[in-house]
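One structure below.
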Amino acid sequence: MDIAQQIATGLEIKKHQVEATIQLLDQGDTVPFIARYRKEATGALDDIQLRQLAERLEYLRQLQQRRQSILKSIAQQGMLTEALKNAIDSCQHKTALEDLYLPYKAKRSTKAQSAIDAGLEALADALMADESVNPEYIAKSFLNGKKNIFNVEDALDGAEQILMQRLADDAKLLGLLRQWLNTNALLEVKAKRGKADQQSKFRDYFNYSQALNKVPAHRALAVFRGIKEGVLKLAILPPAHNLLYPQRLIEQQLDLSKRRTQDYWLRQLAEHAWQDKLQPQLQSDLSKALRERAEINSIDVFAKNLSDLLMAAPAGQKITLALDPGLRSGVKVAVLAANGELLAESVIYPHAPQKQWTNALASLKVLVEKYAVALISIGNGTGSRETEQLVKELQSHTSIAFTQVLVSEAGASVYSASQLASNEFPDVDVSIRGAISIGRRLQDPLAELVKIEPKAIGVGQYQHDVNQKALGLKLAAVVEDCVNKVGVNLNSASVQLLTQVAGINQSIAENIVNMRAQRGTFNNRQALLKVPRLGEKAYQQCAAFLRIDNAAQPLDNSAVHPESYHLVEKMAASVQASSAQLIGNQELLQQLNVEQLSNQYGRYTVVDTIAELAKPGRDPRPEFTTANFADDVTTINDLANDMQLEGVVTNVTNFGAFVDIGVHQDGLVHISQLANQFVKDPHSVVKTGQIVQVRVLEVDAQRKRIALSMK
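Here my numbering is used: position 595 in the sequence shown is 638, and no number is missing along the way.
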């Protein structure tokens with residue numbers, strides 16, 4: 044089966060869709076560009092499908108490279124048979140491929156090799172022969188003091204080592220055992236001796252047992268973290284009712300049905316091979332596979348949460364007063380213009396120990412009235428609820444109507460101490476930079492969060508325990524997809540935002556910003572071709588994702604690709620109008636002959652173009668709304684069972700969702716409490732940033748655990 048067919052089968056799509064996508068990827072087209080502007084070729088595969096296809100393509104190409112390397116190695120050893128080549132060529136998975144390579148792989152000095160060097164391979168062969176032999180009797184012929192084979196036991200031990208190594212290198216046997224264990228084995232976890240401290244965060248795993256194929260990702264990663272910290276140990280074992288099944292499989296491989304004299308010895312060999320060789324080897328393999336599955340799952344969860352966070356509703360271009368709460372260190376204040384520029388900064392000390400409440404109110408009142416503040420953004424860290432009360436009181440001291448919003452601080456401190464923040468605000472204190480970030484992420488979460496390393500945003504589960512390279516690649520893809528779905532204002536976007544646009548790298552983004560600074564704003568998309576290092580290919584990929592306000596060509600402020608401008612002109616001519624008159628004119632758009640246009644340009648292109656003309660530059664993000672935390676609930680001690688509260692989802696995991704209810708400790712809505720019906724995937728019910736109504740089920744103030752329900 045060729046690569047395209049393998050991918051098509053796995054993703055349940057057509058082979059021609061895969062072939063077209065591979066061709067586009069190989070010629071340098073980006074996923075956002077293909078997803079939006081090459082639907083005719085791909086059959087309208089979306090960005091998620093395209094990412095899956097690209098990942099699978101990379102895996103299969105790496106598999107093919109490894110296959111060729113293995114074939115070359117075995118051929119050089121003069122041991123490549125036609126049957127072995129066919130088996131290697133038909134391998135679909137890296138694990139099975141490595142199993143086939145095991146017998147030919149260079150090994151360190153082993154007991155089996157030492158036994159072979161001592162001349163005991165013939166004894167091993169004799170014991171495996173069809174004819175009956177007495178092991179003790181035949182072993183006498185292989186005694187050799189020069190080779191340290193002094194007695195029958197030495198000879199038989201050496202023969203056993205040789206046969207155990209053969210069994211451990213047997214790809215068919217390994218495959219059978221691995222498949223059976225994957226389906227039937229148990230993961231057994233216990234505390235290491237002397238580590239069973241009941242206050243340990245791993246106490247839930249001191250005597251944990253679960254079917255291997257049913258271990259949730261978060262539990263698997265918790266176990267591996269416990270092992271890394273020296274608290275836990277694991278074993279992967281057959282279930283008690285079928286404990287000897289692996290040995291029976293090995294006995295079948297040894298063909299013990301022939302009733303030979305040596306069968307009693309071979310049966311003992313099967314037991315030793317399982318306990319000393321195959322079980323440890325397979326436990327290591329299966330443990331690694333469990334970790335890889337858990338990491339992939341965890342990375343997917345992080346990616347979904349990050350996408351929800353990046354695609355959160357923007358409050359819009361409004362003058363914003365940003366507050367980064369603190370107690371002893373004070374509340375950092377930054378006033379931002381509608382475009383995010385810093386207008387004013389200060390620090391107030393309303394809380395203990397200074398308790399300058401009145402002065403703080405007066406300072407905020409001056410700023411709110413001087414700049415006609417429309418939004419007040421409050422970081423959700425230490426002192427946030429106390430600062431909320433200050434802002435609530437401020438409302439009664441001014442006639443300016445503003446909206447106050449509690450905003451996640453995650454990653455703000457990382458940004459404030461970064462070189463990027465230093466470049467943006469060289470003369471501003473680090474603490475004020477954090478407040479600026481908190482305010483800007485309310486105005487436009489996407490534009491601000493792209494400046495922060497995604498891993499620092501903290502919406503994953505066990506994000507520091509997973510493969511960091513795989514996590515980085517996945518999150519980078521999420522950021523790229525989100526930025527291109529929304530589109531970017533060419534004349535105001537930062538270097539960081541521009542870098543995420545399809546076809547634009549760091550160097551090109553810097554050149555765009557430099558050209559803006561030197562020559563003024565871009566008046567049309569075509570001017571992009573004057574940017575150093577931005578050639579025809581980069582222009583093709585990026586142009587439609589970059590928007591220009593008040594451009595001479597109205598389509599330059601839409602998602603219509605320049606290559607389709609002539610299509611819009613043809614549409615306009617067909618209804619005796621100009622391209623500009625088509626934009627936003629439902630009456631004219633409804634007069635278009637979609638079928639006739641589709642015959643020439645393709646249905647997907649025509650339908651998407653009409654949709655964009657109907658609402659040019661539409662933002663796919665939801666409308667902005669805010670949560671209302673209960674005024675009388677500010678700490679975990681204020682909570683009571685059955686209390687009804689409003690909150691904001693901060694993190695979605697495989698086992699439920701964490702919700703900020705304004706008490707400095709997120710509560711957990713377990714997956715079983717998300718809805719009245721069965722929920723397989725929490726992401727199908729809630730998403731990060733969503734405002735939800737919850738009921739308090741249970742509070743454990745000592746352990747800082749809050750159980751919530753959405754039922």
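The C-beta atom is built at its ideal place from N, Cα and C for all residues, glycine as well.
In this text, all values refer to a predicted model and were calculated from it rather than measured experimentally.
Taking C-beta separations shorter than 6 Å and ignoring five residues to either side along the sequence, the partners of A214 in its chain run D142 and L143, following chain order. Taking a contact to require three or more Cβ pairs closer than 8 Å, the region 182-197 and the region 317-325 do not qualify as touching. Collapsing the DSSP output to three states places Y288 in a helix. Per DSSP, A415 lies in no beta strand (DSSP E) segment and is marked neither H nor E. Per DSSP, reduced to three states, the secondary structure at Q634 is coil, with no helix or strand assignment.
Here Y307 is exposed. Its C-beta has fewer than 16 other C-beta atoms within 10 Å. Contact between the region 322-342 and the region 501-520 is established, with three or more Cβ pairs separated by less than 8 Å. By DSSP's assignment, I421 forms a beta bridge with L366 and L449.
Look at K235 here: in three-state DSSP terms it is coil, with no helix or strand label.
Here A265 is buried, its C-beta having at least 16 other C-beta atoms within 10 Å. Within the region 598-635, no run of beta strand (DSSP E) reaches 3 residues while sitting entirely inside it. Close CB contacts of K408 within its chain, under the 8 Å cut and outside five residues either way in sequence, are with L437, H440 and T441 (chain order). Residue pairing for K375: DSSP places it in a beta bridge opposite D367 and V390.
Contact check for V390 against T430 fails: the beta carbons are separated by 8 Å or more. Ranking Y458, G482 and M686 by CA distance to the CA of V450 puts G482 first. Scanning its chain for C-beta atoms nearer than 6 Å, with the 5 sequence neighbours on each side dropped, one finds around A278 the residues E231, in chain order. Per DSSP, reduced to three states, the secondary structure at T64 is helical. For S465, the enclosing alpha helix (DSSP H) starts and ends at Q462 to E467. Exposure of I734 is indicated by the presence of fewer than 16 other C-beta atoms within 10 angstroms of its C-beta.
L751 is a Cβ neighbour of L711, given a cutoff of 8 Å. In the structure shown, the three-state DSSP call for Y251 is strand.
Taking the Cα positions, I205 is about 21 Å away from L219. Straight-line measurement puts the Cα of K435 at about 50 Å from the Cα of S622.
Partner residues in a beta bridge of A536, as assigned by DSSP, do not exist. By the Cβ test, the region 668-683 is not in contact with the region 719-730, since fewer than three Cβ pairs between them sit closer than 8 Å. The region 549-608 is shown to contain no whole beta strand (DSSP E) run of 3 or more residues.
The closest CA to that of H713, considering only I704, A616, V706 and V695, is found on V695. Straight-line measurement puts the Cα of Q543 at about 8 Å from the Cα of N527. If you draw a straight line from the Cα of F672 to the Cα of I704, it comes to about 6 Å.
Look at V722 here: in three-state DSSP terms it is coil, with no helix or strand label. In the three-state reduction of the DSSP assignment, Q736 falls in the strand class, which pools E and B. Exposed is the label assigned to L186, since fewer than 16 other Cβ atoms lie within 10 Å of its Cβ. In the structure shown, the three-state DSSP call for Q241 is coil. Counting the other Cβ atoms within 10 Å of the Cβ of K235 gives fewer than 16, which makes it exposed.
With a 10 Å radius around the Cβ and a threshold of 16 neighbouring Cβ atoms, H394 comes out buried. Taking all protein chains shown into account, P597 has 16 or more neighbouring C-beta atoms within 10 Å of its C-beta and is therefore buried.
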